[in-house]
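Here the structure comes first, spelled out in structure tokens, and everything after it is commentary.
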């Protein structure tokens, strides 16, 4: 990487946000100063588009976002999806078939309409999504898998998260990508080749920015492809061990504004 990165890519939850899902005013100010200086900042997240509003409300201006672990590239100013790479219905059906064979108690949900809407099985546990216009339970498995989905969510309360993602990845090898970003038994499944790294690479190519000029921050296994792709991959101190093992550097925890502290050091802003 050159003297100063040309683009900043950061995960949201557990990285940029504090544990209460708020953005500190200090971090917001550092990001605003970088943007004002002409350094692009892009959010790279497992979140769907509909979960960005609560982050944008805490920023000086909305930032471009790569959502659903790389499957959706979103321009918030135009409210436009620049690119989407969903799982087709026939692939969703095959994925569901394989996983039900491996984990009979598994429950599913899908992010559809570029992640603006969600459909879920009746017994799928919703954690903090209460938008009744966008979220709806389906009555049949066929209905769940009828539309292209930018992400398939598989939950199993009986499974350790790391063991569960390993089991799912093995069952879906060559068919789809499996990762996780929480400490509950949730696996996030995308189309083959779709990762945070792939989504970020597409976005950077549009801007004419090479991987070596990208500085990326993350905390969970779904961030590993992005951190290894970027010229410099930085883990927050609270990161999952898989992230700490591959990171080029480690900054302070999300609760201590680790991203902002690192950016202040590199860019001299604050």
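Residue numbers (our numbering): 170 to 439. Cβ coordinates follow ideal geometry from the N, Cα and C atoms, glycine included.
With DSSP as the reference, label residue 337 as helix, strand or coil.
In the three-state scheme derived from DSSP, where H, G and I count as helix and E and B as strand, residue 337 is classed as helix.
In the DSSP assignment, the beta strand (DSSP E) including residue 397 goes from what residue to what residue?
Premise fails: residue 397 lies in the alpha helix (DSSP H), 393 to 398, not in any beta strand (DSSP E).
Residue 345 versus residue 352: straight-line alpha-carbon distance, rounded
Across the structure, residue 345 and residue 352 are spaced so that their CA atoms are roughly 21 Å apart.
Residue 230 burial status per 10 Å Cβ neighbour count (16 or more: buried):
By the 16-neighbour rule on beta-carbons within 10 angstroms, residue 230 is exposed.
For residue 249, the first and last residue of its enclosing beta strand (DSSP E)
Boundaries of the beta strand (DSSP E) harbouring residue 249: 249 to 253, taken from the DSSP string.
Report back the beta-carbon spacing between residue 324 and residue 276 to the nearest angstrom; my notes put them in contact at under 8 Å.
Between residue 276 and residue 324 the Cβ distance is about 5 Å, and since that is below 8 Å, they are a contact.
If you reduce the DSSP assignment to three classes, tell me which class residue 378 lands in.
Look at residue 378 here: in three-state DSSP terms it is coil, with no helix or strand label.
Per the contact definition of three or more C-beta pairs closer than 8 Å, is the region 226 to 240 in contact with the region 196 to 205?
In this structure the region 196 to 205 lies against the region 226 to 240, because at least three pairs of beta carbons, one per stretch, are closer than 8 Å.
Span of the beta strand (DSSP E), counted from its first residue to its last, around residue 355:
That run of the beta strand (DSSP E) goes 355 to 360.
Could you please give me the residues that DSSP links to residue 276 through a beta bridge?
Looking at the DSSP assignment, residue 276 forms a beta bridge with 324.
Where residue 430 falls: helix, strand or coil (DSSP):
In the structure shown, residue 430 sits in a helix (DSSP, three-state: H, G or I).
Where the beta strand (DSSP E) containing residue 243 begins and where it ends
Membership of residue 243 in the beta strand (DSSP E) is indicated by the continuous run 241 to 244.
In chain order, what residues of the same chain lie with their CB nearer than 6 Å to the CB of residue 195, ignoring the 5 residues before and after it?
Taken in chain order, the residues that qualify are 426, 429.
Three-state secondary structure assigned by DSSP to residue 223:
In the structure shown, residue 223 sits in a helix (DSSP, three-state: H, G or I).
For residue 354, which option in 337, 361, 363 has the closest C-alpha, if you only look at C-alpha atoms?
The shortest Cα separation from residue 354 among 337, 361, 363 belongs to 337.
Taking the Cβ atom as the reference point for each residue, do residue 411 and residue 394 lie within a distance shorter than 8 Å?
Cβ atoms of residue 411 and residue 394: not closer than 8 Å.
Presumed contact (8 Å Cβ cut-off) between residue 365 and residue 213, rounded CB distance
In this structure, residue 365 and residue 213 form a Cβ contact; the two beta carbons are roughly 5 Å apart against a cut-off of 8 Å.
Let me check understanding here. Comparing Cα to Cα, which of 320, 236, 172, 321 lies closest to residue 179?
Per the Cα distances, 236.
Between the alpha carbons of residue 244 and residue 234, how many angstroms are there, rounded?
Distance between the alpha carbons of residue 244 and residue 234: 7 Å.
Please report the distance separating the alpha-carbon of residue 424 from that of residue 406.
Within the model, the alpha-carbon separation for residue 424 versus residue 406 is close to 10 Å.
For the alpha helix (DSSP H) that residue 195 lies in, which residues bound it at each end?
Looking at the DSSP string, the run of the alpha helix (DSSP H) that includes residue 195 is 194 to 205.
Answer yes or no: do residue 307 and residue 288 have a C-beta to C-beta separation smaller than 8 Å?
In contact: residue 307 and residue 288 (Cβ atoms closer than 8 Å).
Could you check which residue in 279, 368, 268 has the C-alpha nearest to that of residue 293?
Closest by alpha carbon: 279.
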